[in-house]
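Trainee: Protein chains in written order, with our numbering: chain A, 380 to 698; chain B, 1405 to 1687; chain C, 69 to 583.
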Amino acid sequence: MRLIAYLLPRILAALITLFGVSVLVFLSLRLLPGGYADILLGPFVTPEARALIAQRYGLDQPLVVQYMRWVWAMLGGDFGVSMVTQRPVIAELLRRAPVTLQLALIALTLALVVGYPLGVLSGVRAASRRRKRDFGRVVGAMGASVPDFVLGSVLIFVFSVWSLWFRVGGYVPFGTDPVGNLRTMLLPGLTLSVFGVALILRTTRDTVLRVMTEPHITAAVARGATPGAIIRCHILRNAAIPVVTVVATYFGFLLGGAVIVEVLFSVPGVGLYIFNGLLNRDYAIVQGGVLLAAVVFITINMLADVLYALIDPRVGAAR
Amino acid sequence: MSGVRQIARRRLLGDGLTLFGALALGCLLFLGLFGPWLPLGDPLRIAAGPRLGAPSAQFLFGTDELGRDFLPRVVQGIRSTFLLSAIAVAITAVIGTLLGLAAGYLGRHTDQMIARGADILFAFPALVAGLLVAAVMGPGQASAITVISIATLPLFIRVVRSVTLGVAGRGFVTAAEVAGASTLRVMLVHLLPNVMGAVMVQLTYALSIGMIIESALSFLGLGVQPPDASLGSLLRQGSAYLTIAPWMVLTSGAVLSLAIMSVNLVGDAVRDALEPLKGRPLT
Amino acid sequence: MPGTPRTSLSALAIMAGLGLALPATAESVITWGKPAEITGFDVHVAGTVASWEMYQMVYETLLTTDDDLNLQPGLAESWEEVSQTRFIFTLREGAAFSNGRVVDAQDVIGSIERIRNPETASYWAHQLGEIVSMEALDDRRVAVDLARPHATFLPALAHITAAIIPVQEYQAGEFNPESEMLGSGPFMVSAHNQDESWTLLRNPHYGRDGYPRADRMNVAIIPDESARMAALRDGRIDFTTFENPDAPQMLGTTAGVAHHPIQTTNYYRFDVNALSEDSAFHDRRVRQAMNLSLDRDAINMLVFNGTSAVDYPVPAAFGTDACHDLDTYALPREERLARARELLAEAGQPAPRVELMAASANPVLVRIAEVAQQSLAEAGFDVRIAAVPTAEYLQRVFTDGDFDFSASWLAGYTDPSMVIQWWNPNFAVWNLAFQEEVPELSEALAAVRSVPDSPERDEALRDICAMIDEGANLLALVSKVDYVVYRSDQVEVRLADRTGSANTWQYIAEFAPAE
């Protein structure tokens, strides 16, 4: 019961947010200079041809009508068709979703496996040695400072000049060829994970530092508990809470489509699909893709909220 | 009081990493601000050297595909990237702080509206939002500034709102209200000074995010217009020639990363200095 | 009957040596690294090279061209010019669509009618001239009557937009040209993942025995040049093209990589807005000054590393010398600059502020703009560059006429009097937004259309070229070379030295895996 009372206003807020996103993406697309007629006809566009193309794809209707039609169709699960291929957008989104999901999972796993332990270690060391100059800070500062397209470019350079095991582009599904799949997906995953490592490391480190100033740690120290036991029993659980929030935001961000990395490494994910749809003024693709990304982002954050409430009973009670 | 200041000063200066960050930031700021007047060469002059010339004594960073000296181009890139982000973040900080104050202090409907607005911006995939805005406004500096503002606005609103909520119920605010101070006066005179610390901390984070966004937009060809350079557009330029002229990506990428890192390091130090109790030793 | 599958000899030998049972067939596969996805499925409508290149794999046209851009038989094995206004085409015996149905006269008539139907919105309708009637003499012969002589009628039929589609299936509603492809060309579409890949299978009913040599062609869509290079290096793709002249050099050290620059009738161009009152170029003298002060050699040397060449309104690839002796090309640069400054002074605009627009998706165009900016500055022009998304560029130039000048490239097709029609805005109606009509030029252009290739036509082209140069409305810059790169250790190719109409892969049916 408490959980429902806790979730209900959040779901309402989420719906309002989605409505806002849908209006924003719809309107801004219509404001873009140039349309699909330009892309299809190239330089050979005439006013007559433009009008014909607009009519063919229902773009000659008033904006409100177009918007209502789109939303109505979306509610029935119909995301519309791509003007380029005349095929349903939802089918293509679903085909690409596993690619983006895999990329996000690789990045998240790497970020957690490296970032979390380093963060705990760095936090404990920093707190116990009065020193700020530890490796955790260096790694954190560097990871948060190298943009993904810089790292991606350098990796492409290294791995295409010396043809090491990894490959740039040439995605194959994991089911078809697991090794070939990893050869193409690990580099973009690694590129995306670096920011995550820094994010998780810094959050964990800060939280550990904060937890360690709390009275119950002092009490444990006074009791004579070993540092290992203190870390295991007191610090890890408490440090997990803010980390969950950060991880959720990061994961949501990854699933929203890491456009640049997908473009750079030719990974056929959702981000690349939206990017090309935008270039082609293929409205249904961008509208559907952005809305799907927003739904995923909001859902994940909401799940994190629930998890948060479960880990820390005070959260729900406070409301 | 003096004890806290002393700790703060020691933390700012006594730490090698922060010192490194501050020095790097200082150097880059100097280059960014005074670059155009330094005797480094013309960033725009085509055929100043050979096409795709490797770094040499004459051209320290090599030359690009049109024979332009790459060093002055990188310096111009620092200027574009820093200045655009700084302008955008400054504007955003003002707007975000006011919105955050309003949301936290006025509460109810205002709060709801602002919070939902921030949520909408936050739920939009960041780069897609950037691409849309840049496409609607047309590529260039104005759209880069707008995109950075949109992306960093929720940061300021959220932080300022939560700090305001904590302060709004305190005695001195109630006292001012009872004394008949106007809403605006309470917000600007009584609440604003209390949120400034949080804003300062966010400012450095927003600046580093702003620099990443600016260079990402330029990397996709939607930022600074050619022939002017930003660190992102130089990377885009260089990535096409990675195998035969890697110096373009390596120099501009290194400088961009260094710039963002220096801002982050100084930002960390500022935050630590403003929260002197954190990180007390275990024993 | 499907054609005989080809099996690699060495594979046979190895398998025989190991005493293994032979698999039913060993499929021969080639892989094309395609730089861009199509922009639509409709072969009669799409006006982009990215689409044409894919259509050329699946569809056929009545005629084609050889390496010297002379007309050759295509789907029509022969054609007869009964008079200047009457043509009779005879279809190749055994030509069939990939569904097995034989191509007949009704397909030809129906396809041309579809192109001419305004509802289709095909930009090629104009190119075919005014067709009065079409008639099927028998299953394989079609007679076409024109209202008046139209010298570019045949060359227009050699462009992929005039492809012959299966009209019977189209009319029966079994084939939708807006969302699928079904033609009589060497390949047929088997699978398509948008923006990612295509799988094409050999058309078992293709008219030439034993062709296409490959059973299957995989197509990988790889827009990013670095990624395309990586794919070539890995050997994941067999052949591709680059716009960047340095690409072959960048791949230079990789074993097995071969280069083949193809000269085309295409050239990079500037469209100049003569009609907008807001533009300094509204004044013809300012346009002429700009044309004079351009440094085409610098564009060639700096952007193309000297691999291109200065080009002229009548493309140099056609082998005419029209325009070569005009001041724009023949005068030394210093004198041209002096003339340009005089013209600007006369126009009362010593330092015109103009914006040069280029589609940012093509970095070559942006580089051309950067070089032009600097050479124009020497005459006093203050040029600002706007690198914008393709859709925006197209709308602002061809619909809104809201620009000063813009960089792009012109498809030269296969006949000089065809491409030259671009300077008649009544014919090239898409240029109406920015092109000034010069009545005597339009007349001369209309006249040259009915003049066959002859010294007389060369003379007419020279006069036309002078008028084009005078108007300075659409400028030729340098030739566009297609830099084909392929893995000679993986694929056997046949490439033309010269192509028109973006038909880079015109011999694709002869591509096969290397032994």
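We put the beta carbon where it would ideally sit given N, CA and C, even for glycine.
On a predicted model such as this, the values are computed, not experimentally measured, just so you know.
(1) Report yes or no: is there a C-beta of chain B within less than 8 Å of the C-beta of A:Phe536?
(2) Using only alpha-carbon positions, find the residue among A:Gln666, A:Asp661, A:Met681, A:Leu634 that is nearest to A:Pro477.
(3) Which residues mark the beginning and the end of the beta strand (DSSP E) in which A:Ile653 is found?
(4) In the DSSP assignment, find the beta strand (DSSP E) that holds C:Ile199 and state where it starts and stops.
(5) Could you spell out the range, first to last residue, of the beta strand (DSSP E) harbouring B:Phe1465?
(6) Can you tell which of C:Glu578, C:Arg530, C:Gln574 has its C-alpha closest to the C-alpha of C:Thr129?
(7) List, in order along the chain, the chain B residues whose C-beta lies closer than 7 Å to that of C:Ile453?
(8) Less than 8 Å separating the beta-carbons of C:Leu196 and C:Ile180?
(9) Could you tell me how far apart the beta carbons of C:Thr567 and C:Thr332 are, in whole angstroms, since I believe they sit closer than 8 Å?
(10) Taking only three categories from DSSP, how would you classify C:Ala326?
(11) Of all the CB atoms in chain B, is at least one closer than 8 Å to the CB of C:Pro457?
(12) Between B:Asp1523 and chain A, is any beta-carbon pair separated by less than 8 Å?
(13) Where does A:Val566 sit, in a helix, a strand or coil, going by DSSP?
(14) Might you give, ordered along the chain, the residues of its own chain that have their beta carbon closer than 6 Å to the beta carbon of C:Ala92, omitting 5 neighbours on each side?
(15) How would you list, in chain order, the residues of chain B whose beta-carbon sits under 9 Å from the beta-carbon of C:Leu370?
(16) Would the beta-carbon of B:Leu1646 fall within 8 Å of that of A:Ile535?
(17) By how many angstroms is the C-alpha of C:Ile233 removed from the C-alpha of B:Gly1481?
(18) I'd like the list of long-range same chain contacts for C:Gln417, defined as Cβ closer than 8 Å, with 5 residues on each side in sequence excluded.
(19) Considering only the beta carbon of each residue, do C:Trp498 and A:Phe423 sit closer than 8 Å?
(20) C:Gly324 and C:Ser556: beta carbons closer than 8 Å?
(21) Quick check: is the beta carbon of C:Ser294 nearer than 8 Å to any beta carbon in chain B?
(22) Rank C:Ala515, C:Arg464, C:Gly101 by C-alpha distance to the C-alpha of C:Arg301 and give the top, closest one.
(23) Taking C-alpha atoms, which residue in C:Glu560, C:Ala564, C:Asn571 lies nearest to C:Ala282?
(24) Relative to the C-alpha of C:Thr229, which candidate in C:Tyr191, C:Gln152, C:Ser151 has its C-alpha closest?
(25) Are there 16 or more other CB atoms within 10 angstroms of the CB of C:Glu508, so buried, or fewer, so exposed?
(26) Under DSSP, the beta strand (DSSP E) around B:Asn1668 begins and ends at which residues?
(27) Taking its Cβ as the centre, do 16 or more other Cβ atoms sit within 10 Å of B:Gly1657, making it buried, or is it exposed?
(28) Would you verify that the beta carbon of C:Asp450 is, or is not, closer than 8 Å to some beta carbon of chain B?
(29) For the alpha helix (DSSP H) containing C:Thr99, name the first residue and the last one.
(30) Indicate the three-state DSSP secondary structure (helix, strand or coil) for C:Leu90 in the structure shown.
(31) Under the three-state reduction of DSSP, which class applies to A:Asn617: helix, strand or coil?
(32) Please determine if the segment 660 to 669 of chain A and the segment 458 to 473 of chain A are in contact, where contact requires at least 3 C-beta pairs separated by less than 8 Å.
(33) Taking the beta strand (DSSP E) that C:Phe307 belongs to, which residues open and close that run?
(34) Quick one: complete beta strand (DSSP E) runs, 3+ long, within the segment 103 to 177 of chain C?
(35) Would you list the one or two residues that DSSP bridges to C:Asn368?
(36) By Cβ distance below 7 Å, which residues in the same chain neighbour C:Asp365 in space, the five residues on each side in sequence not counted?
Mentor: Short version:
(1) Yes - at least one Cβ of chain B is within 8 Å of the one on A:Phe536.
(2) Closest in alpha carbon position to A:Pro477, among A:Gln666, A:Asp661, A:Met681, A:Leu634, is A:Leu634.
(3) Here A:Ile653 belongs to no beta strand (DSSP E); instead the alpha helix (DSSP H) covers 649 to 658.
(4) In this chain, the beta strand (DSSP E) harbouring C:Ile199 covers 199 to 206.
(5) No beta strand (DSSP E) holds B:Phe1465; DSSP gives it neither H nor E.
(6) Measuring C-alpha to C-alpha distances from C:Thr129 to each of C:Glu578, C:Arg530, C:Gln574 identifies C:Gln574 as the nearest.
(7) One finds Gln1629, Pro1630, Pro1631 in chain B with Cβ atoms closer than 7 Å to the Cβ of C:Ile453, taken in chain order.
(8) Inclusion of C:Leu196 and C:Ile180 in the CB contact set at 8 Å is warranted, their separation being smaller than that value.
(9) That pair is a contact at about 5 Å.
(10) Looking at C:Ala326 - three-state DSSP - the assignment turns out to be strand.
(11) Nearest CB-CB separation between C:Pro457 and chain B: below the 8 Å threshold.
(12) Interface residue, yes.
(13) One point to set straight first is that residue 566 of chain A is Leu, not Val, in the sequence displayed. When secondary structure is reduced to three states using DSSP, A:Leu566 falls in the helix class.
(14) Confidence at C:Ala92 is low in this model, with a pLDDT of 47, below 50, so its placement is unreliable and the value that follows should be read with caution. Hits under 6 Å: none found.
(15) When 9 Å is used as the limit between beta carbons, C:Leu370 is near these residues of chain B: Ile1450, Ala1451, Arg1455, Glu1469, Leu1470, Gly1471, in chain order.
(16) Contact flag set, yes.
(17) Each residue's alpha carbon lies about 53 Å from the other.
(18) Closer than 8 Å at Cβ, skipping near neighbours: Ala348, Asp351, Val354.
(19) The Cβ atoms of C:Trp498 and A:Phe423 lie closer than 8 Å to each other.
(20) Less than 8 Å divides the Cβ of C:Gly324 from the Cβ of C:Ser556.
(21) For C:Ser294, the nearest beta carbon of chain B is closer than 8 Å to its own beta carbon.
(22) Of C:Ala515, C:Arg464, C:Gly101, the residue nearest in Cα terms is C:Gly101.
(23) Measuring from the Cα of C:Ala282, the nearest candidate turns out to be C:Glu560.
(24) The option with the nearest alpha carbon to C:Thr229 is C:Tyr191.
(25) Taking every protein chain shown into account, the CB of C:Glu508 has fewer than 16 other CB atoms within 10 angstroms, so this residue is exposed.
(26) Unbroken run through B:Asn1668 is the alpha helix (DSSP H), 1651 to 1678; no beta strand (DSSP E).
(27) When all chains shown are included, B:Gly1657 counts as buried.
(28) Taking Cβ atoms only, chain B never reaches closer than 8 Å to C:Asp450, which makes this a no.
(29) Counting along the chain, C:Thr99 falls outside any alpha helix (DSSP H), though it belongs to the beta strand (DSSP E) covering 97 to 102.
(30) The predicted position of C:Leu90 is uncertain, since its pLDDT is 43 and thus under 50; a value taken from the coordinates is nonetheless stated next. If DSSP states are grouped into helix, strand and coil, C:Leu90 belongs with coil.
(31) Reduced to three states, the DSSP call for A:Asn617 is helix.
(32) With contact defined as three or more Cβ pairs closer than 8 Å, the segment 660 to 669 of chain A and the segment 458 to 473 of chain A are in contact.
(33) Under the DSSP assignment, C:Phe307 falls in the beta strand (DSSP E) whose first and last residues are 307 to 310.
(34) Runs of the beta strand (DSSP E) inside the segment 103 to 177 of chain C: 131 to 133, 139 to 141, 144 to 151, 154 to 159.
(35) According to the DSSP secondary-structure assignment, C:Asn368 is paired through a beta bridge with no residue.
(36) Closer than 7 Å at the Cβ level, and outside the excluded window around C:Asp365, lie Val378.
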